[in-house]
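**Q** Going by the working numbering, the letters in the sequence shown line up with residues 9 to 248, in that order.
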Amino acid sequence: MWINRKKLAAFYKNSAANYDINLKENKILDQKVVEAILEEKKKITSYFVKQLKSHNREIHIVITNQTAVESISVFSYKNDIFIFVSAALLAKPIDYPDTDPSYWEWLVNHECTHIKGNHLPWIYWSNRLFTISNLALILNLILPFSIFYNLIFWLFSFTTQLLIRLGTEMHADYTATKLICNSKTLESALLAIERMTNQAYLSNKYHYVLSSIFVDPHPPLILRKWLIKKRISYLSQTSS
């Protein structure tokens, strides 16, 4: 809640700018691997630049150290947009060259919908409200406040955050799916979403469950799969 967003943005900007330099100076990695990683990062950047060219904002790809879970998320501050891509997701086409990379179209559509739909301020302020309600409950252990009113406030802020997060995520899922008119691309996205969800769950089951409820609520996997399968079915019917 009290994190200095300006300093955080400066840190991410510096991290994104120095990533290529640090990677090239890494003497452990094979030069061909380095070139492949940089090429993949360049592709990802081009995906977002193409989608957000009308926004006139600087895009930074920040590669995280997460090697066990493929993940992607977005953060913005003023004129800067930061796309967080896990090392696992970045290296997927390199480690498994047979993987169809067309799922990136869905992932990019999803994250860009958050930016174009102005979801991020809503997400930020609802998270802040929920954090305040948690602090109020903690203060009840020290100060003689009314626990009843604090519980009502906590329930309100929790519900608000949950509805906003689920609403924005479902809108992003729907838009990302609707923009794609190729069944094979949607099938690739379906596999990627299922794979990413399973990785997150298996890496830390308790953290995944708690995070999915209190920190970063997302629509259940079964709903996302249904949405994409419904779109695939519609495309197959219209093409026949």
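Here a beta-carbon is modelled for each residue, glycine too, at the ideal position from N, C-alpha and C.
Which residue marks the beginning of the beta strand (DSSP E) containing valine 70, and which one marks its end?
**A** 66-72
**Q** Evaluate contact between the segment 189-205 and the segment 130-146, counting only Cβ atoms and requiring at least three cross-stretch pairs below 8 Å.
**A** no
**Q** Where do the N-terminal and C-terminal ends of the alpha helix (DSSP H) with phenylalanine 19 fall, by residue?
**A** For phenylalanine 19, the enclosing alpha helix (DSSP H) starts and ends at 13-32.
**Q** Report the residue from Lys32, Gln245, Ala25, Val57 whose alpha carbon sits nearest the alpha carbon of asparagine 117.
**A** Val57
**Q** Excluding five sequence neighbours on each side, which residues of the same chain lie with their C-beta closer than 8 Å to the C-beta of tyrosine 182?
**A** Leu235
**Q** Pairs of beta-carbons, one from the segment 222-239 and one from the segment 143-150, closer than 8 Å: are there three or more?
**A** No, they do not touch.
**Q** In chain order, which continuous runs of the alpha helix (DSSP H) of length 4 or greater are located wholly inside the segment 158-216?
**A** 191-211
**Q** In terms of alpha-carbon separation, which member of Val82, Tyr27, Tyr132 lies closest to lysine 50?
**A** Tyr27
**Q** Measuring only the C-alpha atoms, how far is isoleucine 230 from alanine 180?
**A** 16 Å
**Q** May I ask you to report which of helix, strand or coil DSSP gives isoleucine 150?
**A** coil
**Q** Need the endpoints of the beta strand (DSSP E) that tyrosine 85 sits in, please.
**A** 80-85
**Q** Please classify arginine 232: does DSSP put it in a helix, a strand, or coil?
**A** helix
**Q** Is it the case that the segment 91-100 contacts the segment 69-79, given that we only count it when at least three CB pairs across the two stretches are under 8 Å?
**A** yes
**Q** Buried or exposed for isoleucine 52, please, with buried defined as at least 16 other CB atoms from any protein chain shown within 10 angstroms of its CB.
**A** buried
**Q** Could you pull the DSSP bridge partners for aspartate 88 from this structure?
**A** Per DSSP, Glu66, Tyr85.
**Q** Quick check: the segment 205-220 against the segment 158-166, are at least 3 beta-carbon pairs closer than 8 Å?
**A** no
**Q** Could you check what DSSP says for lysine 77 in three-state terms: helix, strand or coil?
**A** Position check: residue 77 holds valine in this sequence, whereas lysine was assumed. Coil, per DSSP.
**Q** Looking only at its chain, what residues have a beta carbon closer than 7 Å to the beta carbon of leucine 243, apart from the 5 residues adjacent to it on each side?
**A** Cys189, Ser191
**Q** Just to confirm my understanding: we take isoleucine 155, look at its own chain, exclude 5 residues before and 5 after, and list those with CB closer than 7 Å. What are they?
**A** Asn148
**Q** Work out the CA separation of lysine 61 and threonine 107 for me, nearest whole Å.
**A** 28 Å
**Q** Is DSSP giving lysine 50 helix, strand or coil here?
**A** Reduced to three states, the DSSP call for lysine 50 is helix.
**Q** Per DSSP, valine 93 forms a beta bridge with which residues?
**A** Ile71, Ile80
**Q** Pick out whichever of Phe83, Asn126, Leu187, Leu210 has its Cα sitting closest to the Cα of isoleucine 240.
**A** Leu187
**Q** For methionine 9, count the other beta carbons within 10 Å of its own beta carbon; 16 or more makes it buried, fewer makes it exposed. Which is it?
**A** Low confidence applies here, because methionine 9 scores a pLDDT of 49, under 50, leaving its location unreliable and the question unanswered by this model.
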